[in-house]
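As C-alpha cells, the structure follows; a few thoughts come after it.
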Amino acid sequence: MTTSLKRREKLNTEIGRLERLLEIRAVEESIQTLYNDGHVRGSTHLAIGQEAVSVAIASVLRPTDIVTCTYRGHATALALGVSPEGVLGEICGRVIGCSGGMGGSMHLMDASVGLMPTFAIVGAGLPVAAGVALAAKIKKNDSVALTIFGDGSTNIGAFHETLNMASILKLPIVFVIENNLYGEYTRINLSTPISDLADRADSYAMRKEIVDGQDVDAVMKSVSAAVDYARAGNGPSLIEAKTYRYSGHSRSDPATYRTPGELDEWKKRDPLDIAAEKLISQGVLTASELQQMKSDTSSRVTQAIEVVLASEGPSLESLMQHVSEKRN
Amino acid sequence: MTVMRTRQAVIQALSDELESDPSVFLMGEDIGSGGPFKATEGLIEKFGEDRVIDTPISEMAFLGAGVGAAAMGMRPVVEMMFIEFIGVALDQLTTQGAFYRYLSRGAYQVPLTIRAAAGAGLGFGCQHSQILDQWFRGNAGISLVIPSTPQSMYGLLRSAIRSNDPVVILEHKALYGERGEVVTGEAGIIPIGQARVVTEGKDLTIVTVGSTVHTATAAMELQSEWSADIIDLQTLIPWDKTTVIKSVAKTGRLVIVEESSYSGGWGTEISSEVVSQLWGKLKTPPHRITSPDAPIPYAQELEKRYLPNPEYVESQISELLKTGKCPAPWWEGIKS
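The listed protein sequences derive, respectively, from chains F and H. Everything in the first sequence is counted per this note's numbering, starting at 636 for the first residue and increasing by one. Everything in the second sequence is counted per this note's numbering, starting at 10 for the first residue and increasing by one.
Below you can see the structure in the form of C-alpha cells.
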C-alpha cells in the first residue's frame, strides 16, 4: 500500500489536488451506507463542502509540520496523506484503521505526516498546537504548528487564551478557523455577535486574513503566507476560511434548522466544481477526463471499503497496550 | 402511571419543574433543538427562549453563569452535552460553586443542577463515553446522582432541581432509549441519598448504580445457585450507608459492580466503609467487579469486553462463593 508520505506528495500538482478533493468527497459519502449496514458506531462528523481547506493546508505544509484538528477530521486526515483504508478502517473499528480501531471517527492520527490524534472536545486542539509551536521554537527546528477548528471554538476560553499566549511568545503557529456558519446545531449569528471571526485577532495584535474557503488556490495562498511568516520567526496568524457544511453537525442531526435555499446557494460554489472548472478552463483537463477521474476515485473507495470490511477488529491485548510506558 | 423512555422522563421532570417553579430555567448547547439524545425536545416550544436558553459553545461561561444565577436565587439546570465537556469549566463548579455556602457562612446558596450524558457502550470513543463520577468526589458541597430507570431519572432529576446545593446528574446515554413505568408528580420524586433495593436475596449483597443495576440483575438471572440483595445506590454522593450496611450485615458478602476503571472507583469507598463497620462479620472479602485501567476502546467487540457484562459478573460471583476468595479480573494475564 502507498505510504501516507507518498500520498502527500501527490498534492504537488493541481491534478493531484483535484483527485484528493474527489476522494475525500467519495469517502465521506460512503460513510452513511457503512453506518446503515452496522459497521460504524457512535457518531460521525462529515466535512462535505469543506474539502478545499484541508487539501490546501496539506498542500502547503511540510510533512514535518504538525497539525491538530477537530472531530470533523476525516477530510484533513485524507488530505494530509492517510489512506481511505486508514480513515474508513478507523471509522469501522478495524485494526487497519489509522488509530488501530481504538479511537473511532473522532480520533484519527498519523505521526508520519504530522497529524496528532484528532480532538473530540471543542477547542482542545489549540493549546496543544501552541505547545507544538513552543517546542519548535525552543528546538529551533524550523517546524510550524497549524491548528484547524470550527467557528464554534472561537467562543471557548482556550481559543482566547491560546491566541494571546501565542502572540506574546511569537510562536510559529497558524490558526485556521473553518467558519462553516454552524456551531453544532446553532447558526453563528445566534452564538456570536460578529460575522468576521478573523477580527478576534485584533485583540491579540495578531496577523489576520479572511479567505474564500471553497477555493483551494485561495486558501493555499493565504496559508502559505502565514506559514512562511511563522517559519521566519515572525509569530502567529489567524486565518478565517469562509466555508459551508453540507451535512448536519453529526450523524444524529438532520440540520432542519437551515434557512431554505441556503444549502443550494452554497452548492453553486462547490469546492470540487471550482477546482475542476479552473483546470478545464485552463485546458489542463477535459470534461471526459474529469468523468474518468471521478469514476476511478469511486472504484478506489469501493475497493478500500472491501479491504476494510475484510479486515479484523483489534485484538483483546491491544485494549491494554500503550496505556502507559510501564504498567504497575 | 405512564410508560415512557428514560429521555422522555428527563423531559417530563424538566417540564414539571419549569411549570411549578418560575425560578427554574434551562441553559446549554443546542437544548432548544433537543440535543443529540432528544432529552430536551419540545421544551423551548412550550416554555420559550427566556427559560430554555441556547448558549454558545462556552462551557466555562454558562456553567459559571449557572453558579452566579443560582446564588441569586434562581434554579438553573445546566446541560453538558457530554460529561467530558465539563473539563474546561470544572473550576466554576468544584472550586467556586461548591464552596459558596461555606465561604459565605450560609449567606449564599447554589441551587444548581448539572445534567450530562455519560457512560459507555454506544461506540462514542474514549472522549465521549466516560462516567467521570471521580471528578466530583472530594469536593464537599456537591451531590452526584446516576439514575438507572425512567422512574429514577424522573424522581432524582426533580429532587436535584429542588436541592439547595449543586447536584450533578449523570444520565447514562445507553439508557435514554429504555422504557419503563413512571409515577409522575410529587409521588414520583425520589430523595437524594436514598438507595433502592432492587431484589432481595440471601447469599450476597450486590451494590450497583446506573448501568450496572441492569448488568447485575441480568447476571443473577443467568443462574439459580445463589440469590442476592441487589442495591441500586441511585445517589453516589452522598451514598446510602444505612441500606448497604443493613444488607451486608444480613448476607455477609459484598460485591460491587462498577462501570468505570478499577483504580479510584467509587466502590473503594463502599468497600472501605463496609469493612470498617462489619469487621469480623464478613464471610468473604469484599469484591469489586469493574472495567480495566485503560481508556474506553472504540471497536465494538473490545468495548463490550471492556465493560462488566452479565456473564462475567455471574462467573466472578460464582467463583467468589465457591472459593471464598476474590477471583482475578479478566484482564489479569493479558499481555500489555
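Virtual Cβ for every residue (Gly too), placed ideally from N, Cα, C.
Which of the three DSSP states, helix, strand or coil, is assigned to residue i?
i, result
"residue 36 (chain H)", "strand"
"residue 282 (chain H)", "helix"
"residue 683 (chain F)", "coil"
"residue 916 (chain F)", "helix"
"residue 775 (chain F)", "coil"
"residue 87 (chain H)", "strand"
"residue 817 (chain F)", "strand"
"residue 960 (chain F)", "coil"
"residue 270 (chain H)", "strand"
"residue 46 (chain H)", "coil"
"residue 952 (chain F)", "helix"
"residue 223 (chain H)", "helix"
"residue 700 (chain F)", "coil"
"residue 26 (chain H)", "helix"
"residue 213 (chain H)", "strand"
"residue 208 (chain H)", "strand"
"residue 728 (chain F)", "coil"
"residue 63 (chain H)", "strand"
"residue 303 (chain H)", "coil"
Over what stretch of residues does the beta strand (DSSP E) that includes residue i continue unbroken?
i, result
"residue 246 (chain H)", "244–246"
"residue 299 (chain H)", "296–300"
"residue 133 (chain H)", "Here residue 133 (chain H) belongs to no beta strand (DSSP E), and DSSP marks it neither H nor E."
"residue 237 (chain H)", "237–241"
"residue 343 (chain H)", "No beta strand (DSSP E) holds residue 343 (chain H); DSSP gives it neither H nor E."
"residue 875 (chain F)", "872–877"
"residue 844 (chain F)", "842–847"
"residue 14 (chain H)", "11–14"
Could you name the residues of the same chain whose beta carbon sits closer than 8 Å to that of residue i, not counting the 5 residues immediately before and after it, in chain order?
i, result
"residue 739 (chain F)", "676, 677, 725, 726 and 728"
"residue 658 (chain F)", "713, 719, 932, 935 and 936"
"residue 922 (chain F)", "915"
"residue 314 (chain H)", "339"
"residue 346 (chain H)", "The question about residue 346 (chain H) has no answer here: the residues shown for chain H are numbered 10 through 345."
"residue 112 (chain H)", "none"
"residue 866 (chain F)", "777, 779 and 807"
Take residue i and list the residues in its own chain whose beta-carbon comes closer than 7 Å to its own, dropping the five residues that flank it on each side.
i, result
"residue 642 (chain F)", "716 and 718"
"residue 163 (chain H)", "18, 21, 22, 191, 193 and 197"
"residue 832 (chain F)", "786, 789, 812, 814 and 875"
"residue 286 (chain H)", "254"
"residue 735 (chain F)", "949 and 953"
Excluding five sequence neighbours on each side, which residues of the same chain lie with their C-beta closer than 6 Å to the C-beta of residue i?
i, result
"residue 83 (chain H)", "32"
"residue 39 (chain H)", "none"
"residue 49 (chain H)", "40 and 43"
"residue 145 (chain H)", "151, 153 and 177"
"residue 130 (chain H)", "183"
"residue 697 (chain F)", "none"
What are the boundary residues of the alpha helix (DSSP H) that residue i is part of?
i, result
"residue 710 (chain F)", "709–715"
"residue 187 (chain H)", "Run containing residue 187 (chain H): none; DSSP gives neither H nor E here."
"residue 945 (chain F)", "922–945"
"residue 795 (chain F)", "792–803"
"residue 898 (chain F)", "897–902"
"residue 164 (chain H)", "159–171"
"residue 107 (chain H)", "It is not in any alpha helix (DSSP H) - residue 107 (chain H) carries neither H nor E in the DSSP assignment."
Exercise. Which of the residues in the stretch 104–137 of chain H, read from start to end, lie with their CB under 9 Å from any CB of chain F?
Worked result: Residues 131, 132, 133, 134, 135, 136 and 137.
For this session: Taking 8 Å as the threshold, find out whether the stretch 241–256 of chain H comes into contact with the stretch 192–202 of chain H through three or more Cβ pairs.
Result: Segment contact: the stretch 241–256 of chain H against the stretch 192–202 of chain H, three or more CB-CB distances shorter than 8 Å; contact assigned.
For this session: Please list the residues of the stretch 716–729 of chain F that have a C-beta atom closer than 7 Å to any C-beta atom in chain H, keeping them in chain order.
Result: 728
Problem set entry | Cβ contact (3+ pairs, closer than 8 Å) linking the stretch 251–270 of chain H and the stretch 205–215 of chain H | yes
Problem set entry | Inter-stretch contact (C-beta, 8 Å, three-pair minimum) for the stretch 59–72 of chain H and the stretch 786–798 of chain F | yes
For this session: Count the CB pairs spanning the stretch 659–668 of chain F and the stretch 108–120 of chain H that are closer than 8 Å, and state whether there are at least three.
Result: Counting Cβ pairs under 8 Å, fewer than three are found: no touch.
Exercise. In chain order, what residues of the stretch 66–87 of chain H put their CB closer than 9 Å to some CB of chain F?
Worked result: 66, 67, 68, 69 and 70
Exercise. Given a limit of 7 Å on CB to CB distance, which residues of the stretch 656–686 of chain F reach chain H?
Worked result: 676, 677 and 678
Problem set entry | the stretch 646–657 of chain F touching the stretch 680–690 of chain F, judged by at least three CB pairs closer than 8 Å | yes
For this session: Would you check if the stretch 743–758 of chain F and the stretch 702–709 of chain F touch, i.e. whether three or more CB-CB distances between them fall below 8 Å?
Result: yes
Problem set entry | Given 8 Å, three or more beta-carbon pairs between the stretch 227–234 of chain H and the stretch 324–333 of chain H | yes
Exercise. Between the stretch 271–298 of chain H and chain F, which residues of the former have CB atoms less than 8 Å from a CB of the latter, in chain order?
Worked result: none
Exercise. Is there contact here, the stretch 327–344 of chain H with the stretch 304–312 of chain H, by at least three beta-carbon pairs under 8 Å?
Worked result: no
Exercise. If you measure beta-carbon to beta-carbon, which residues of the stretch 726–752 of chain F are closer than 7 Å to chain H?
Worked result: 728, 736, 737, 738, 739, 741 and 742
For this session: Say whether the stretch 864–881 of chain F touches the stretch 798–813 of chain F, bearing in mind that this needs 3 or more beta-carbon pairs closer than 8 Å, one atom from each stretch.
Result: Touching, per the Cβ criterion.
For this session: Determine contact between the stretch 169–177 of chain H and the stretch 93–112 of chain H, defined as no fewer than three beta-carbon pairs at a distance below 8 Å.
Result: yes
Exercise. Going along the chain, which residues of the stretch 811–824 of chain F sit with their C-beta nearer than 7 Å to a C-beta in chain H?
Worked result: 818, 819, 820 and 821
Exercise. Can we say the stretch 838–849 of chain F touches the stretch 770–783 of chain F, given the rule of at least three CB pairs closer than 8 Å?
Worked result: no
For this session: Name, going along the chain, the residues of the stretch 857–881 of chain F whose beta-carbon falls closer than 9 Å to a beta-carbon of chain H.
Result: none
For this session: Compile a chain-ordered list of the residues in the stretch 167–191 of chain H whose CB is closer than 7 Å to at least one CB of chain F.
Result: Of all residues in the stretch 167–191 of chain H, none has a Cβ within less than 7 Å of some Cβ in chain F.
Exercise. Are the stretch 88–100 of chain H and the stretch 128–148 of chain H touching by the rule of at least three beta carbon pairs closer than 8 Å?
Worked result: The answer is yes - the stretch 128–148 of chain H touches the stretch 88–100 of chain H, with three or more Cβ pairs under 8 Å.
Exercise. Which residues, in chain order, does the stretch 693–714 of chain F contribute to contact with chain H at a C-beta distance below 8 Å?
Worked result: none
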